[in-house]
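Below: one structure, written as structure tokens.
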Amino acid sequence: MNLSPIISAAAVLLLSVLSLRLLDSYHWSSVRSLLPFTRSSPVADLIVWNGTIYTSDESLPFADSMAVRSGRILRVGSYSSLKELVHSGTELLDLGGKVVVSGFIDSHVHMIFGGLQMRRVELRGVNRKEEFVRKIEEAARNSKPGSWILGGGWNNDLWGGELPVTSWVDEVTPANPVWVTRMDGHMGLANSVAMEVAGISKLSEDPEGGTISRTADGELTGLLIDSAMKLLLASIPEVSLDERREALFRASKYALTKGVTTVADFGRYFPGAPVEFSWQDFSDVYQWADSSGRMIMRVCLFFPMETWSLLLDQVNKFGRAFSQWIYLGGVKAFADGSLGSSSALFREPYVNEPHNRGLQLIEHERLLNMTVTSDKSGLQVAIHAIGDKANDLVLDVYQSTASINGVRDRRFRIEHAQHLAMGAAARFSQQGIIASVQPDHLLDDADSASKKLGKERADLGSYLFRSLSGSNGSLAFGSDWPVIDIDPLHSIGTAIKRIPPGWEDPWGPTECLTLKDAIHAYTISAAHACFLDNDLGSLAPGKLADFVVLSTNSWDHLAAGGSASVVATYVGGVRSFP
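According to the numbering used here, numbering within the sequence shown proceeds without interruption in unit steps and concludes at 1063.
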């Protein structure tokens, strides 16, 4: 047989592959071996080179190249130090000078709820009553009589502060029950049809940790606050299994466009919501997606603290790493409500509501007992606290728990930690408490905080990023999506500049962070906050190769507060977006 034509064709094919260079903002070149490759020294599947790689690793903060093998980082450094790892099957990613950072870890999201909200009435950003009503009316026109109109994201501060009431929407929704939640998830508006379906009347009593809003004459306004929401939520038809599975995939794809490769997911667990939702989603959605190969990003799951024994059973059976995609994080409880709903728990009354200090959503002794039991079982504990009294309450509970159970690496978390009393930030550091905060909440709260708390109180104790980032404490950033959009680059800019809409100067300039500190809060510190820092959070040898390519070629541009966008997101060394 004459082999010359075959050899010539193979040579042409090889030359063609070698000369391939995709026209993009960065460039791929791929050389696939035509014959089996054998070599005793390590070789790379992927070499990322010619960029500014910020590693979030203090031992080597910057590099221009990185080698990946089998989904993990093999080596980081200069391209010349990585050349020996290149072979005929190595893919070379020319960054063209662009900045690369470790994959962002959002420390607080509600993934399935966020994915569902993407298909519901979107009220985020609405700044006029008329627009609020129009969107709900439009949804009713496109719905069958009797079907629920669901949605949320509204912020009454955007239209002057007046809270919506049932009469706003009753006329345009005569045949449909309506339930739309405020952006913080601690308050919602129901129309008259929905309240009738739920059996809520003027005779209904406020549940513990919740409020049924009424006028001075005792008439229902349609607003339900914190645990009072459970009076209505039980009447809303359950979301179908297919809808929940689609919501997770939709949410995951969206998160990847923002450079988020891992999230701490607190599920569909809100005040008033059934605790079963989190476990249903774990078994029916997450485990299904994992076993069927449909997971596309990593999640660290938190469950209602009341169900701590169920989580302990899972950890004992599978360990904390359920798979390469799913990690069993810990348990969560609520200490108070939110500032926007005037249910965050404060030591002093709200300035505009002299008889209101907020709501304590759980009795102190019960919270302490559950925390001690969960911690003694080795589970991580995270507790929601927004007002200064709530934060002090949780800090006291954590201090007592550590004293009772003894010293260990427990990484207690306080979710939000938005408004602190004098000296509380220092307690985070002294006790080694993780502050899981959401920078973009600052933008929505800046004006309302002064109105509700008074300027001095708001200025001195709100969003103390720098104070919380010191020594033994740890600052982990997130979004609380869908409360706020999931967008780490935007949140990092907020943490650096702290300038709310319409303001010229920063709110609390001494609390501004540097770019490095803000990125760490979204990477290595966020990984630490979930016990994932051995595998995630920095671009260091041995860790999973989750990284993000940014649009800018200048680190200094970012450090000065310049903007950038996500060009590409990689999970385990594989491009997941676009």
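Built from N, CA and C at the ideal position, the CB exists for glycine as well.
- For Ser652, the three-state secondary structure derived from DSSP is helix.
- Non-local beta-carbon contacts of Val657 in its own chain, meaning distances under 7 Å to residues more than five positions away in sequence, involve Val618, Ile621, Glu622, Ala625 in chain order.
- Residue burial is scored here from C-beta neighbours: His849 has fewer than 16 other C-beta atoms within 10 angstroms and is therefore classed as exposed.
- Between Leu531 and Glu576, the CB-CB gap stays under 9 Å.
- The stretch 595-609 makes no contact with the stretch 929-936: fewer than 3 CB pairs, one atom from each, lie closer than 8 Å.
- Of Trp664, Asp669, Glu728, Ser628, the smallest CA-CA separation from Asp925 is found for Asp669.
- Looking at the DSSP output, Glu838 sits in a beta bridge with Tyr835.
- Under the three-state reduction of DSSP, His595 is assigned to coil, being neither helix nor strand.
- Setting aside the 5 residues that flank it on each side, Ser712 is surrounded in the same chain by Pro692, Gly694, Gly695, Pro756, Gly757, each with a C-beta closer than 6 Å to its C-beta; the list follows chain order.
- Rounded to the nearest angstrom, the Cβ distance from Leu853 to Asp821 is 16 Å, too far for a contact under 8 Å.
- Beta-bridge annotation (DSSP): Pro789 is paired with Lys817.
- Ile971 sits in coil when the DSSP states are folded into three classes, being neither helix nor strand.
- Beta-bridge partners assigned by DSSP to Met672: Ile710.
- Asp702 is classed as exposed because its beta carbon has fewer than 16 other beta carbons within 10 Å across all chains shown.
- Annotated as proximal: Leu1000 and Ile981, with beta-carbon spacing under 9 Å.
- Bridge partners of Gly636 according to DSSP: Val606, Val665.
- The Cβ atoms of Phe1062 and Leu741 sit closer than 9 Å to each other.
- For Met551, the enclosing beta strand (DSSP E) starts and ends at 550-554.
- Contact between Gly1027 and Ser541 does not hold, since the beta-carbon distance rounds to 14 Å and is not under 8 Å.
- Taking a C-beta distance under 9 Å as the contact criterion, Leu974 and Ser1048 qualify as a contact pair.
- For Gly939, the CB contacts under 6 Å within the same chain, skipping 5 residues up- and downstream, are Val836 in chain order.
- The three-state reading of DSSP puts Ser933 in helix, counting H, G and I together.
- Taking the CA atoms as reference points, Thr886 sits about 25 Å from Phe962.
- C-alpha of Ala1044 to C-alpha of Lys802: approximately 45 Å in a straight line.
- Comparing alpha carbon positions, the residue from Leu567, Val760, Leu635 closest to Pro722 is Leu635.
- Taking C-alpha positions only, Glu838 is separated from Phe767 by approximately 41 Å.
- Contact between Arg912 and Lys874 is ruled out by a C-beta separation of about 14 Å, above the 8 Å threshold.
- Here Thr1008 carries a coil assignment [DSSP, helix/strand/coil].
- In this structure, DSSP gives Ser823 a state outside helix and strand, which the three-state scheme calls coil.
- In this structure, the straight-line span from the alpha carbon of Gln884 to that of Ala870 is close to 15 Å.
- In the three-state reduction of the DSSP assignment, Ala961 falls in the strand class.
- Within 10 angstroms of the beta-carbon of Met907 lie fewer than 16 other beta-carbons, which makes it exposed.
- Here Val968 has Met668, Asp669, Gly670 as same chain residues with Cβ atoms under 7 Å from its own Cβ, once five neighbours each way along the sequence are excluded.
- Between Leu708 and Met680 the beta-carbon gap is near 11 Å, outside 8 Å, which marks them as no contact.
- In this chain, Asp860 is not harboured by any beta strand (DSSP E); it is covered by the alpha helix (DSSP H) spanning 849-861.
- When the beta-carbon positions are compared, Arg783 and Asp1031 come within less than 9 Å of each other.
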